[in-house]
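Note that the sequence shown covers residues -24 to -1, 1 to 468 in mature numbering (1 follows the signal peptide of the UniProt record, and there is no 0).
Idealized CB from N, CA, C, for every residue including glycine.
Report on the structure given below.
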Amino acid sequence: MKKAFLFLGFAALAAATGGLTAWAVVGNRGTEVAYVEREVERTPSLGNHFTSYQNDKYPDLTYAAENAVKAVVNIEAIQQVEMPRRGYDPFLEFFGIPQDYGYGDGRPQYREQRAGGSGVIISEDGYIVTNNHVVDGASKLKVKLNDGRTFDAKLIGTDSATDLALLKVEAKDLPTLPFGSSDALRLGEWVLAIGSPFDLQSTITAGIVSAKARQLGAIPNDFRIESFIQTDAAVNPGNSGGALVNTHGELVGINTLIKSQTGSYVGYSFAIPESIVRKVVVDLKEFGVVQRALLGIQFRVVDQDFLDAEGEELGIKELGGAYVASVIEGGAASEAGIRKGDVILAIDGVKITEPSTLQEQIAKRRPNDTVKLSIKRDGEVKQIEVTLRNKAGKTELMTKEDVDVVEALGGKFADAGTKLCRELDIKGGVQVVGIKADGILARARVKQGFVITHINDRPVYSLSDMQRMTEKVRSIDGIYPNGRSASYMLVE
């Protein structure tokens, strides 16, 4: 019945709008179709609710599509994966076939694993932005342009907190995409997603901006920065790192992920906004590392759940803003006089309504930049200027020699709770709750559950202490939950 209804709907539409042609079923047993040419009398009032079509008032996506597609590339990431060793095989033993239970020369063997993604050319001399997860772990990168040319690419830098990476190919006069403004995007505005889904290079899909400043907890980094643009432009595996483009053909985002139970597109996709992309790319190009500014607070957005749970106790009655739950000693907020219990209403005039709003506003800035915070304290609104600091609590820019200790350790961490610290008789620490395969913890054979109390003989009382460290890790000291102390020395 459903198919018949759709067919009838189409037939009725054709008859009403065609002007000269209508459908008729004629002939023996109704198996032949003939076209009957006749004049259709128009109802004078039909369609009088439509406005006249004005070309300059409606979006034309062809300009943006035909120009932007030239600057979107296909990326092939080649990774060397160690092959599993062969174990004892009783079948071979039965027939007397020799077994070495591994590799003949004792050395591991590898195979090539290939994965695909997309990227965007942002400079004529070959700088390309993509997602970190597209290139992560790759030993070789190949870039294929829209015109068919292929280049080997060099990895300039990555930032796992925003899932962005910068590549470089040796070429000149390449087509580029100019940066637009993600801040200026409006809900309902038309956008294009361009990339290589399922290895179908130069695929263009269209949709609208469905939401802004989405925070999904999807980037696998404890210090992730998420403020995604949500669209309903179709995005599938292989689109990662591709362009989100406005109707002017400007780059407003990097397509990054979909939220789906099937792994394929189900109606919405998410892109990193241009405001974050531009800043990260410039930092990686100039310094090789991202100059991350920190406000130095822990906060909760004042939403209805917050008001219901704690509003009355804390004397907060109005929605909006970020409640300062704690202030990190020696951080930017602490030095500016921000206190626990303050409510940050806005940053440089941008109202705080979501956690991602505050994160995005700080992520766009560097250490030593100044921001103006609107603070509500004891019923009064104050304006406080804050000079942002780096993770070490300083206003200087970071260098490539400075180490991201949390990233280098390669794990997931949590503050050791009061109960655990009391049981182990320690003042504080950071517990290892997960271990990544390629980090210092894995190489040192640290076990999950280990509580780190010292790094390079410096005390570590909390995760924020660890985050502020920038020296190369030489030693790790701590204690396991069973009370066994352990020290790990790193030898290069």
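Enumerated in chain order, which unbroken segments of the beta strand (DSSP E) with a length of 3 residues or greater are wholly contained in the stretch 374 to 461?
-> 387 to 391, 406 to 411, 427 to 431 and 451 to 455
How about A308 and L271: do their beta carbons lie closer than 8 Å?
-> yes
What is the DSSP secondary structure of V467, reduced to helix, strand or coil?
-> coil
Give me the Cα-Cα distance between N366 and T38, rounded to the nearest whole angstrom.
-> 44 Å
Is Q55 helix, strand or coil by DSSP?
-> strand
Whole angstroms is fine: what's the gap from I98's alpha carbon to G306's?
-> 38 Å
Nearest-angstrom Cα separation, counted from D123 out to L233 = 26 Å
What is the DSSP secondary structure of F204, reduced to helix, strand or coil?
-> strand
Give every residue of the same chain whose Cβ lies closer than 8 Å to the Cβ of R254, excluding the five residues on either side of it in the sequence, and list them in chain order.
-> F155
Between which two residues does the beta strand (DSSP E) harbouring E88 extend?
-> Y86 to I97
In this structure, does DSSP put V111 in helix, strand or coil?
-> helix
Under the three-state reduction of DSSP, which class applies to Y39: helix, strand or coil?
-> helix
Quick one: what does DSSP say I248 is sitting in, helix, strand or coil?
-> strand
Nearest candidate by alpha-carbon position, reference D391, set V258, T429 and K293 | T429
Inspect the CB distances between the stretch 41 to 61 and the stretch 104 to 122 and report whether three or more fall short of 8 Å.
-> yes
Smallest Cα separation from E146: which of L140, S172 and I132?
-> I132
What are the start and end residues of each continuous beta strand (DSSP E) run of 3 or more residues lying completely inside the stretch 135 to 218, in chain order?
-> 140 to 144, 166 to 171, 179 to 190 and 204 to 207
How long is the line joining the alpha carbons of T(-4) and R162, rounded to whole angstroms?
-> With a pLDDT of only 33 at T(-4), under the threshold of 50, the placement of this residue in the model should not be trusted; the figure read from the coordinates follows. Approximately 42 Å, taken between the alpha carbons.
May I have the straight-line CA-CA distance separating G369 from Q267, to the nearest angstrom?
-> 13 Å
Compare the beta carbon distance of V257 and I170 with 8 Å and say whether it is the shorter of the two.
-> no
What number of angstroms, rounded off, separates the C-alpha of D401 from the C-alpha of Y456?
-> 12 Å
N50, buried or exposed, once every other Cβ within 10 Å from all chains shown has been counted against 16 = buried
Alpha carbon to alpha carbon, how far is R341 from G459?
-> 43 Å
Is the beta carbon of V408 sitting closer than 8 Å to the one on G387?
-> yes
Where do the N-terminal and C-terminal ends of the beta strand (DSSP E) with S310 fall, by residue?
-> Looking at the DSSP string, S310 is not in any beta strand (DSSP E); the run it does join, the alpha helix (DSSP H), is A308 to A312.
Do L142 and the ligand COA come close, with the Cβ less than 7 Å from some heavy atom?
-> Ligands in the displayed structure: none, and consequently the ligand COA is not present.
May I ask you to report which of helix, strand or coil DSSP gives A285?
-> helix
How about the stretch 205 to 212 and the stretch 238 to 248: do they share at least three Cβ pairs that are nearer than 8 Å?
-> yes
By Cβ distance below 7 Å, which residues in the same chain neighbour I180 in space, the five residues on each side in sequence not counted?
-> A41, V45, L168 and I170
What number of angstroms, rounded off, separates the C-alpha of M374 from the C-alpha of A269?
-> 10 Å
Can you tell me which of L150, D135 and F426 puts its alpha carbon nearest to the alpha carbon of T126?
-> L150
What does DSSP give as the partner residues of V319 in its beta bridges?
-> Y299 and K352
Start-to-end residues for the alpha helix (DSSP H) that takes in I338 = P331 to A339
Would DSSP call E361 helix, strand or coil?
-> strand
Proximity winner among V265, L290, F263 and G264, relative to R276 (alpha-carbon distances) | L290
Rounded to whole angstroms, what's the CA-CA distance from I230 to S440? Just pull it up for me.
-> 30 Å
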